[in-house]
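The structure appears right after this line, and notes come after that.
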Amino acid sequence: MAEKSGKFNRTRSGIPGFDELIDGGFHVGTVNTVTGSSGTGKTVFASQFIYYGLKMGERGMIITPSESAEYLRREMMSSFGWDFSAMERDGRLSIVDVTDPILRLQKSIDVDPIDFLINFRKLVERKLADFKPVRLFIDDLTAFFMAVEKPFQLRSLTDDLFGTIRSSGTTSVVTIGTAFGTNQFLEYGADSATILSRDRIGNNLIRSIYIMKMRGSKIANSIRVLDISDEGMSVSSLSPYP
13 MAEKSGKFNR TRSGIPGFDE LIDGGFHVGT VNTVTGSSGT GKTVFASQFI
63 YYGLKMGERG MIITPSESAE YLRREMMSSF GWDFSAMERD GRLSIVDVTD
113 PILRLQKSID VDPIDFLINF RKLVERKLAD FKPVRLFIDD LTAFFMAVEK
163 PFQLRSLTDD LFGTIRSSGT TSVVTIGTAF GTNQFLEYGA DSATILSRDR
213 IGNNLIRSIY IMKMRGSKIA NSIRVLDISD EGMSVSSLSP YP
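Pasting the structure below:
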């Protein structure tokens, strides 16, 4: 759901406590990265962003380069009761599985990584034009970009992909892992960057969240506790540190 905050239209995240950190929501038509290591909640964050929009009557699209679409459907249904399959059937949601052989976009040692990313950008452009989603979630681009050796090529490919997404007018969340060191290039090219962590504090493992940047917006300069329950994700007003 888009709402006005100041002079900008905003897209509400659907994550309780998060929009207060970014002055009311994501700017409409922007690319927003969510970065974290495995187990920090990146996929839950972005799936909840999509699910909230679907409940508000907005069309959504999920592009899954790293995990199969069926796994995502099963995981979100079993963990939170979010029935993505039903929403696909009624036409509100499109899930694009890049691993599907029908798309002919297979990554292998024989495919030049730059050519692969160019073809991936074209696939994204085509799917956005055909389905016209209000919200987009791309699940973990890290593995795609790690094979690009030259920084200027990585920056150029990132700018091209993000520019294509912005041109469509959709508001997007792109998740990024931290294992291969490409996250800084993707975060730099994005309109906002949110960082998720999971740290041992005393005898507990605590998830946390903070906003690294958001263009054209006030942001909270504090780290907050991130909670995940069977109802989804929420941001606490508490700091993870005593």
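Numbering-wise (this note's numbering), the sequence shown opens with residue 13 and increments by one.
Yeah, the Cβ is synthetic: ideal placement off N, Cα and C, and Gly gets one too.
Rounded separation between residue i and residue j - CA only
i: F128; j: S184; result: 21 Å
i: R24; j: P125; result: 35 Å
i: E87; j: W94; result: 9 Å
i: A58; j: I27; result: 10 Å
i: S91; j: R227; result: 33 Å
i: I177; j: V46; result: 16 Å
i: E161; j: D102; result: 42 Å
i: S180; j: V186; result: 15 Å
i: I255; j: D239; result: With the chain covering only 13 through 254, there is no way to say anything about residue 255.
i: N215; j: L153; result: 33 Å
i: P163; j: F174; result: 16 Å
i: D35; j: S229; result: 7 Å
i: P48; j: L250; result: Per the sequence shown, the amino acid found at residue 48 is Gly instead of Pro. Computed Cα separation, rounded: 20 Å.
i: T42; j: R22; result: 10 Å
i: G65; j: F38; result: 13 Å
i: N233; j: S168; result: 30 Å
i: I213; j: P254; result: 9 Å
i: V237; j: Y83; result: 27 Å
i: S209; j: A159; result: 25 Å
i: R104; j: I130; result: 28 Å
Distance CB(residue i)-CB(residue j) smaller than 8 Å
i: R147; j: G72; result: yes
i: L198; j: F149; result: no
i: V56; j: M245; result: yes
i: V4; j: F30; result: Missing from the structure shown is residue 4; the chain here goes from 13 to 254 and no further.
i: S204; j: N44; result: yes
Proximal residues to residue i (C-beta, below 8 Å), its chain only, five neighbours per side dropped
i: K139; result: M73, I75, S106, V108
i: D211; result: L217, I218, S220, P252
i: F132; result: P77, V110, L117, F156, L173
i: M89; result: D95, F96, S97
i: F143; result: R71, M73, S106
i: V136; result: I75, I150, L173, T176, I177
Cβ shell of residue i (< 7 Å), same chain only, five flanking positions each side left out
i: T170; result: F197, L198, G201
i: K225; result: S204, A205
Residue i classed as buried or exposed, judged by whether at least 16 other C-beta atoms fall within 10 angstroms
i: L33; result: buried
i: Y63; result: buried
i: I207; result: buried
i: M99; result: buried
i: A141; result: exposed
i: I189; result: Position check: residue 189 holds Gly in this sequence, whereas Ile was assumed. Buried, by the Cβ-count rule.
i: L166; result: buried
i: G51; result: exposed
i: E243; result: exposed
i: S120; result: Here the model assigns S120 a pLDDT of 47, short of 50, so the residue's position is not dependable and the matter cannot be decided.
Test: residue i CB closer than 8 Å to a CB of chain D
i: I231; result: Of the chains in the structure shown, none is chain D; there is only one protein chain.
Close beta carbons around residue i, own chain, < 6 Å, minus the five adjacent residues each side
i: Y222; result: I207, I235
i: R85; result: F96, S97
i: A81; result: I107, D109
i: P145; result: R71, G72, M73, T182
With a floor of 4 residues, list each alpha helix (DSSP H) that falls wholly inside the stretch 160-245, ordered by position along the chain.
163-180, 195-201
If you scan the stretch 37-105 from start to end, which runs of the beta strand (DSSP E) of 3 or more residues do you find wholly inside it?
43-47, 72-76
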